[in-house]
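Peer 1: Pasting a structure below so you can have a look.
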Amino acid sequence: MIRAKISGTGSCMPEKILTNQDIEKMVDTSHEWIFARTGINERRIAAEGEFTSDLATTAAQRALEMAGVDAQEIGLIVLGTISADYPWPATACIVQKNLGATNAYAYDISAACSGFIYALASAVDYIVSGRGKKALVIGAETLSRIIDWSDRNTCVLFGDGAGAVVLEASDDETGILSTHLHSDGSYLDLLYQPGFATRHMPSVSGIEAHLPFLKMQGNEVFKVAVRMLTEVSLEALHTHNLGPEDVSLFIPHQANRRILEATAKRIKLTEDQVCINVHKYGNTSSATIPVAMDEACRAGQLKKGDLLLMSAFGGGFTWGSALVRWSIQDN
Numbered sequence: 013m014i015r016a017k018i019s020g021t022g023s024c025m026p027e028k029i030l031t032n033q034d035i036e037k038m039v040d041t042s043h044e045w046i047f048a049r050t051g052i053n054e055r056r057i058a059a060e061g062e063f064t065s066d067l068a069t070t071a072a073q074r075a076l077e078m079a080g081v082d083a084q085e086i087g088l089i090v091l092g093t094i095s096a097d098y099p100w101p102a103t104a105c106i107v108q109k110n111l112g113a114t115n116a117y118a119y120d121i122s123a124a125c126s127g128f129i130y131a132l133a134s135a136v137d138y139i140v141s142g143r144g145k146k147a148l149v150i151g152a153e154t155l156s157r158i159i160d161w162s163d164r165n166t167c168v169l170f171g172d173g174a175g176a177v178v179l180e181a182s183d184d185e186t187g188i189l190s191t192h193l194h195s196d197g198s199y200l201d202l203l204y205q206p207g208f209a210t211r212h213m214p215s216v217s218g219i220e221a222h223l224p225f226l227k228m229q230g231n232e233v234f235k236v237a238v239r240m241l242t243e244v245s246l247e248a249l250h251t252h253n254l255g256p257e258d259v260s261l262f263i264p265h266q267a268n269r270r271i272l273e274a275t276a277k278r279i280k281l282t283e284d285q286v287c288i289n290v291h292k293y294g295n296t297s298s299a300t301i302p303v304a305m306d307e308a309c310r311a312g313q314l315k316k317g318d319l320l321l322m323s324a325f326g327g328g329f330t331w332g333s334a335l336v337r338w339s340i341q342d343n
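Here the numbering used here runs 12 ahead of the position in the sequence shown, where the first position is 1.
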């Protein structure tokens with residue numbers, strides 16, 4: 013049986029750090045208020061002239077290096093993002109050019125914070141179907157460009173970054189065991205970016221109405237997020253007749269520490285089973301899971317044969333999970 017296995021991980025975070033104390037100087041808030049409600053201490057912000065494609069390219073290069081794979085061996089590049097360089101072409105095509113991955117076809121996936129899981133599922137299908145043997149999956153964002161920095165309810169939450177994995181065909185027991193994807197467009201008004209696209213074209217009045225910026229009803233999103241993250245995580249485990257005690261590491265989308273803790277409690281996972289880095293980076297949307305995975309891999313928290321559970325939730329609403337038998341040899 014052909015499976016897609018993870019053979020390399022990589023991440024890239026901008027150098028600039030924006031702390032809660034920095035944000036105190038920008039809006040009416042405090043470090044104590046931010047941390048108590050989100051668990052976030054700081055986040056990374058892309059520099060002037062540093063774009064989503066730049067972060068994605070560096071993360072991909074690091075993943076390729078770990079895997080020992082040349083860019084020209086890659087047949088597919090899938091990039092999850094909601095902060096692309098351009099409306100079109102796909103940012104994945106820019107990454108393909110940057111890497112010199114001349115044999116790959118490339119496209120973006122827009123599934124908000126679930127973007128990496130959606131992209132992973134697409135790349136798994138590509139490999140399992142026999143269409144190709146090696147793929148790059150990336151989650152990358154420069155959310156600082158679509159945040160209203162005068163809105164204290166949203167500007168404290170988000171940051172920039174990118175993470176990537178190399179997938180390869182495998183016939184052993186390791187690899188991606190399954191992916192599970194869902195969406196429900198009836199929740200659109202709770203979390204979305206109004207403009208600019210064809211529904212709201214660029215205009216002075218649109219800019220004054222802050223249409224280019226992300227909008228969120230945080231309390232309502234929280235309630236739905238915990239429920240859906242729990243359900244989709246249990247769906248992955250139950251599909252394989254596994255329980256929480258079988259999970260070596262759980263990497264949820266790093267949106268808010270309270271969401272992560274509530275979800276882990278409902279799944280009945282211990283604190284030691286849950287990977288949390290939201291305090292360092294904030295919510296980087298589609299990048300949170302691959303960044304956390306890369307950090308866990310390089311820190312030796314994941315060993316070959318470990319069971320890795322990942323789940324994400326984002327605007328749309330979209331949500332999904334993936335269950336992985338870890339493939340990379342211990343560092």
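Even glycine gets a Cβ: it sits at the ideal position worked out from N, Cα and C.
Just so you know, these numbers come straight off a predicted model, no measurement behind them.
1) Here's a check: name, in chain order, each residue in its chain whose Cβ is nearer than 8 Å to the Cβ of H252, leaving out the five neighbours to either side.
2) Does the ligand PLP have even one heavy atom less than 7 Å from the beta-carbon of A113?
3) What residue range is occupied by the uninterrupted beta strand (DSSP E) comprising K146?
4) Please report the distance separating the alpha-carbon of M13 from that of I139.
5) Rank V303, S198, G317, W331 by C-alpha distance to the C-alpha of I150 and give the top, closest one.
6) Quick check on D284: does DSSP put it in helix, strand or coil?
7) Near R74, which residues of its chain fall below 6 Å by C-beta distance, leaving aside the five closest residues on each side in sequence?
8) Pick from Y199, D284, L111, G20: whose alpha carbon is nearest that of M240?
9) Ignore the nearest five residues each way along the sequence and tell me which others in T154's own chain have a CB closer than 8 Å to its CB.
10) Quick check on DSSP: helix, strand or coil for S260?
11) Does DSSP put L272 in a helix, a strand or coil?
12) Report yes if the C-beta distance between I89 and A116 is below 8 Å; otherwise report no.
13) Per DSSP, M13 forms a beta bridge with which residues?
14) With W331 as the anchor, note down where its alpha helix (DSSP H) starts and where it stops.
15) If I follow the unbroken beta strand (DSSP E) through H399, where does it start and stop?
16) With a threshold of 16 other CB atoms inside 10 Å of the CB of T282, please say whether the residue is buried or exposed.
17) Check for me: the beta strand (DSSP E) holding D172 runs from which residue to which?
18) How would you write the range of the beta strand (DSSP E) that K292 sits in, first residue to last?
19) K227 by DSSP, collapsed to three states: which one?
20) Quick one: what's got a C-beta closer than 7 Å to A274's C-beta in the same chain, skipping five residues either side?
21) Decide if S298 is buried, meaning its Cβ has at least 16 other Cβ atoms within 10 Å, or exposed.
Peer 2: The structure says:
1) Taking the sequence shown and counting its residues from 1, the one referred to as residue 252 is at position 240. Same-chain partners within the cutoff: L189, S190, L335.
2) The model on display carries no ligand, and the ligand PLP is accordingly not part of it.
3) For the purposes of this step, residue 146 is taken as the residue at position 134 of the sequence shown. 146–154 is the span of the beta strand (DSSP E), which, as asked, contains K146.
4) Here residue 13 corresponds to residue number 1 of the sequence shown, with the count starting at 1. Here residue 139 corresponds to residue number 127 of the sequence shown, with the count starting at 1. When rounded, the distance between both Cα atoms is 11 Å.
5) Residue 150 sits at position 138 when you count from the first residue of the sequence shown. Comparing Cα positions, the closest option is V303.
6) Within the sequence shown, numbered from 1, the residue matching residue 284 stands at position 272. Note: D284 maps to helix in three-state DSSP.
7) Looking up residue 74 in the sequence shown gives position 62. Within the same chain, R74 has close Cβ partners G22.
8) Stepping through the sequence shown from its first residue, residue 240 is reached at position 228. Comparing Cα-Cα distances from M240 to each of Y199, D284, L111, G20, the minimum goes to Y199.
9) Position 142 of the sequence shown, counted from the first residue, corresponds to residue 154. Closer than 8 Å at the Cβ level, and outside the excluded window around T154, lie A58, E62, F63, T64, L67, S95, D172.
10) The residue labelled residue 260 in the question sits at position 248 within the sequence shown. DSSP places S260 in coil when its eight states are reduced to three.
11) In the sequence shown, counting from the first residue as 1, residue 272 sits at position 260. Here L272 sits in helix by DSSP.
12) Start at 1 with the first residue of the sequence shown, and residue 89 comes out as number 77. Start at 1 with the first residue of the sequence shown, and residue 116 comes out as number 104. Going by C-beta atoms, I89 is nearer than 8 Å to A116.
13) Position 1 of the sequence shown, counted from the first residue, corresponds to residue 13. M13 is not bridged to any residue.
14) Numbered from its first residue, the sequence shown carries residue 331 at position 319. Careful: W331 lies outside any alpha helix (DSSP H), inside the beta strand (DSSP E) at 330–337.
15) In the structure displayed, the chain extends from 13 to 343; residue 399 sits before or after that span and is not available.
16) Taking the sequence shown and counting its residues from 1, the one referred to as residue 282 is at position 270. T282 should be labelled exposed.
17) Numbered from its first residue, the sequence shown carries residue 172 at position 160. 172–182 is the span of the beta strand (DSSP E), which, as asked, contains D172.
18) As a first step, residue 292 is located in the sequence shown; it is residue number 280 there, counting from the start. Counting along the chain, K292 falls outside any beta strand (DSSP E), though it belongs to the alpha helix (DSSP H) covering 290–293.
19) Counted from its first residue, the sequence shown places residue 227 at position 215. Three-state DSSP puts K227 in a strand.
20) Along the sequence shown, one-based indexing puts residue 274 at 262. Within the same chain, A274 has close Cβ partners V238.
21) Locating residue 298 in the sequence shown gives position 286, counting from the first residue. It counts as buried.
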